[in-house]
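Protein sequence lines, in the order shown, are assigned to chains A and B.
Under full-length UniProt numbering, the first residue of the first sequence carries the number 1, and numbering increases by one thereafter.
Under full-length UniProt numbering, the first residue of the second sequence carries the number 1, and numbering increases by one thereafter.
Below: one structure, written as structure tokens.
Protein chains: 2
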Amino acid sequence: MLTRVKSAVAGFMGGIMAGGSSGSGGNPGSELPLKFPYMRPDFLGLSPDEIECSADHIARPILILKETRRLPWATGYAEVINAGKSALNEDQACCEVVVARRSEGLVFHYWALFDGHAGSGAAVVASRLLQHHIACQLQAVIEILRNLASPPPTVLGEEPDCNPYLQGNTPHRALTRAASLRGATGAPGSPCSTPPPPRFFTEKKIQHESLVIGAIENAFKEMDAQIEREKQVFNITGGCTALTVVYLLGKLFVGNAGDSRAIIIRNNEIIPMSTEFTPESERQRLQFLGFMQPHLLGNEFTHLEFPRRVQRKEVGKRMLYRDFTMNGWAYKTIEDEDLKFPLIYGEGKKARVLATIGVTRGLGDHDLKVHDSNIFIKPFLSCCPEVKVYNLTHYEHGADDVLVMGTDGLWDVLSNQEVAEAVTAFLANCDPDDLHRYTMAAQDLVMRARGILRDRGWRITNERLGSGDDISVFIIPLMYAGLISPELRVPF
Amino acid sequence: MLTRVKSAVAGFMGGIMAGGSSGSGGNPGSELPLKFPYMRPDFLGLSPDEIECSADHIARPILILKETRRLPWATGYAEVINAGKSALNEDQACCEVVVARRSEGLVFHYWALFDGHAGSGAAVVASRLLQHHIACQLQAVIEILRNLASPPPTVLGEEPDCNPYLQGNTPHRALTRAASLRGATGAPGSPCSTPPPPRFFTEKKIQHESLVIGAIENAFKEMDAQIEREKQVFNITGGCTALTVVYLLGKLFVGNAGDSRAIIIRNNEIIPMSTEFTPESERQRLQFLGFMQPHLLGNEFTHLEFPRRVQRKEVGKRMLYRDFTMNGWAYKTIEDEDLKFPLIYGEGKKARVLATIGVTRGLGDHDLKVHDSNIFIKPFLSCCPEVKVYNLTHYEHGADDVLVMGTDGLWDVLSNQEVAEAVTAFLANCDPDDLHRYTMAAQDLVMRARGILRDRGWRITNERLGSGDDISVFIIPLMYAGLISPELRVPF
């Protein structure tokens, strides 16, 4: 499946050995050993020679899962390298049935895409290890997840229904003094009377699902912390976005930190399963942080946004602006302070935080700073994912109902609608019993997003520009949930 | 329309004269004069005697717009007082065609609901003045709004298309040094080359609509600042939510700060035009603020959330929690720090910020503190609204297509679906040419939410509890947009 055209990628093998630093600025850890060597996904089963060929920026061969190999649920996969923006493919992918054995064990299905920047190190490390952090977090609550008949206990080691406030304990001072404005309707109720009103003593019931969400959220943080620690002893370059899917309890948990995207296509309907985190979508969080912690802006940036840079000669004039409280725009009189560079600048794919980075969630990047300064991109760049849940048991899924995961290389050039139409049309023309059809559909998607090299540029339909970025796509059929590896199925 | 049953509301007239302090704690400004006397909406045309009768907590008469009076667009209105939680009705309403004359003048239609707490002062002041703050903000951009042919100029007094960066100015250092990670696909491009890449020099095009949104946002802030200033010289009790609708440029701009709600009902479809700001819906903003500015928590509160209060004997055990980064839950080992009272506590209508207030956006409340402490509720309580836009020119509206605005007294007991069904069914049974039908429909809604007094409680359909809160409802027919006052129509 790999076109064996070799082009001149200067120092390619050197790049692999050195961890794939893509030449974007200094690489202070480059004298350290690699945590993991550069790789393509294990499940592709590529030889070193094939891996080398895959990095051909001229031919841009589309790599797909071999017909002799199977992923869980007959998942399809395809990828292609960028058109030259980095020597190596900085996307990484992982698909596993994760089996963590301790006492009775834990099994979950797992898919993940990572899109690296400023080197492939963080993406490679995350693609090898994030699933184990998720397993570790889930292992801590495995007994609770197994017992769906009872809600998760508030305190471990206590009976879930044991409410200490019904047993005569003294409430906290803040309770007895609560002013309770805009309270429940009905009797006015004196908040200072004893016994205190029962409304303060309800116990929130947490769903099992929330424990899985919390486990994924904390696993991202642990992964990020591990990269930070191990950068001291290993060469782990750059950072990466992370998009993960965990199948557990009959549900898909889609965790996203970055600008990759997952959608479900079900009976021609599109269900978005993630939202992208970009300087524009996260503007108000970033401006709020800059406003409250101005030292993070290093006296060089302003948390205000302007439609373009302010010039010194404009001081005293009135110019459009907005701050973290606003979605609209208004005019303000320009002051010297406003001459600082805006925290968020640019539009669409060109938008940047601190003039540096175009994505606002991800793993790694701990030593990423504004060029020639001591201003760190963290904590503007956060490792915390958003997790969305899809209950597979609520619907009967057909053979053409799928979850599509793609890095931004796909979505930059194809809309949700275009992807859904392409996948639906492609699958309709395949033998429904051919389990390789999802990989062929993924290949078709990558081809549509990359396009054809013509007149020194990549072109897709309607003469639009194809994506010059790395592109990686999983297509996961929902009909086969849990069916492929019956020996691994567990009670939940 | 006012049932003349007088019940014993202790000190009622005294309450009116003193500004309607509802007895929730001290009232430090009570020796100051009132900014405005207690009132019901002017457009109801009530006599002082009728105003007194309207505050009957036993009869709870429903006040409606008299048939002889007309509001713009034939807007309908109805209200009822609470069942005893405060002496006066702390809701206020306003409906006006605002005409601000300066040079060529500005005209917009305006509707607003305010829901006060801890006194009626802030709600009365806001219902009298907020429209003038909006007018003032809009007046500053009136010439720009009038000129729809050109986009708003970035700098006032300059040609809108004059882009200084195309004229050879020196870019800022942060531009020339930009690392540009995860940049646009295509040529790698050296960010340090000259001339700098054009992508850094684009100018964001701002829509006219955004200026109206910005004007409304800043008007709320100005209104809040005026209340803060004037509390020094007037008795302005408590705080209030604010829900406003501005009609301008053929669009409805719905601004919301609080837990009132607006929906559009169009051809049996429900279009939400606001979202509520509550301790639960704003949890992550509030926890983020508490995490970053811990002094705001006064060493008494923790930004972490637990399903219930932590007890001292639980220190060292593992308990469910979540922080501002999480939507899910996980277990943590309890420390002494976790014994503090949670910043956000309780569920649904009982949820509170700092054990004090159940709404997280609104006007006023500048001296509101946690009882018996020096911990201020601001800035957790914010005055900034969210503004949503509905373009009236995109649809042909029928006589039964309406915008419904209601305070939480309505929505606490009736769902969007129930309100839509009730309004649609009611209007279908009215003479379409009877312009009083929208007020009758509003009366019907208030009746459905208040219910009937039975067995010492207010009951609605299916034996559910009726709302014991103040209830106020506008029903605005969309078909009559701009038609009622043709003499006031302006070019935009």
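By construction, the Cβ of each residue, glycine as well, lies at the ideal position given by its N, Cα and C atoms.
| query | result |
| --- | --- |
| Exposure label - I334 of chain B; buried when at least 16 CB within 10 Å | buried |
| Contact test: K369 of chain B Cβ vs the ligand SAM heavy atom, cutoff 6 Å | Among the components modelled here there is no ligand, and therefore nothing to report on the ligand SAM. |
| Segment limits, alpha helix (DSSP H) that includes C240 of chain A | Note, C240 of chain A: premise wrong, no alpha helix (DSSP H); beta strand (DSSP E) at 239-248. |
| Beta-carbon proximity of F277 of chain B to T360 of chain B, cut-off 7 Å | yes |
| Option in A:D455, A:T424, A:T237 with minimal Cα separation from A441 of chain A | A:T424 |
| Pairwise C-alpha distance: Y480 of chain A and L392 of chain A | 11 Å |
| Three or more C-beta pairs below 8 Å linking the segment 342-355 of chain A and the segment 199-215 of chain A | no |
| Anticipated Cβ contact below 8 Å, R450 of chain A with V80 of chain A, distance rounded | 5 Å |
| With 16 other Cβ atoms within 10 Å as the buried cut-off, status of I58 of chain B | exposed |
| Uninterrupted alpha helix (DSSP H) stretches inside the segment 119-158 of chain A (no shorter than 4 residues) | 121-139, 142-146 |
| Residue interval of the alpha helix (DSSP H) (run including I51 of chain A) | 48-54 |
| Three-state class that DSSP yields for M326 of chain B in the structure shown | coil |
| Neighbourhood of C240 of chain A by C-beta distance below 8 Å, restricted to the same chain and skipping five residues each side | E90, Q92, F114, D115, G116, H117, A122, A123, A126, G258, G362, L363, G364 |
| Cutoff 7 Å: M326 of chain B Cβ touching any chain A Cβ | yes |
| C-alpha gap between F291 of chain A and I377 of chain A, whole angstroms | 15 Å |
| Opening and closing residue of the beta strand (DSSP E) in which R261 of chain A lies | 261-266 |
| Under 8 Å by beta carbon: chain B residues contacting C384 of chain A | T325, M326 |
| Backbone CA spacing between Q417 of chain B and L465 of chain B [nearest angstrom] | 18 Å |
| Residue-level contact to chain A via CB, L320 of chain B, 7 Å cutoff | yes |
| Euclidean distance between Cα positions of H132 of chain A and I216 of chain B | 49 Å |
| Segment contact flag, the segment 389-409 of chain A with the segment 260-269 of chain A, C-beta cutoff 8 Å, min 3 pairs | yes |
| Partner residues on chain B for P361 of chain A, Cβ-Cβ distance less than 9 Å | Pro is not the amino acid found at residue 361 of chain A; the sequence shown has Arg there. Simply none; closest approach about 11 Å. |
| is_contact[G214 of chain A, chain B] using C-beta, thresh 7 Å | yes |
| Ordered list of alpha helix (DSSP H) runs contained in the segment 64-90 of chain B, each at least 4 residues | none |
| Chain-order list of residues whose beta-carbon lies under 6 Å from that of V254 of chain A (same chain, five-residue window excluded) | V245, A262, M273, S274, K388 |
| Cβ pair I64 of chain B, A87 of chain B closer than 7 Å | no |
| Neighbour flag for E217 of chain A against chain B, beta carbons, 7 Å | yes |
| For I213 of chain B, three-class secondary structure by DSSP | helix |
| Exposed unless 16 or more other CB atoms sit within 10 angstroms - verdict on G45 of chain A | exposed |
| Neighbour list for M447 of chain A in chain B, Cβ cutoff strictly below 9 Å | Chain B residues near M447 of chain A: none, gap ~16 Å exceeds 9 Å. |
| Cα-Cα separation between L427 of chain A and D470 of chain A, rounded to whole angstroms | 24 Å |
| Beta-carbon proximity check, K35 of chain B vs E228 of chain B, cutoff 7 Å | no |
| Reference A330 of chain A, options B:T202, B:F380, B:L138, closest by Cα | B:L138 |
| T302 of chain A - partner residues in DSSP beta bridges | A:P342 |
| Proximity test, Cβ basis, 7 Å: R464 of chain B and chain A | no |
| Extent of the continuous beta strand (DSSP E) run through M405 of chain A | 402-406 |
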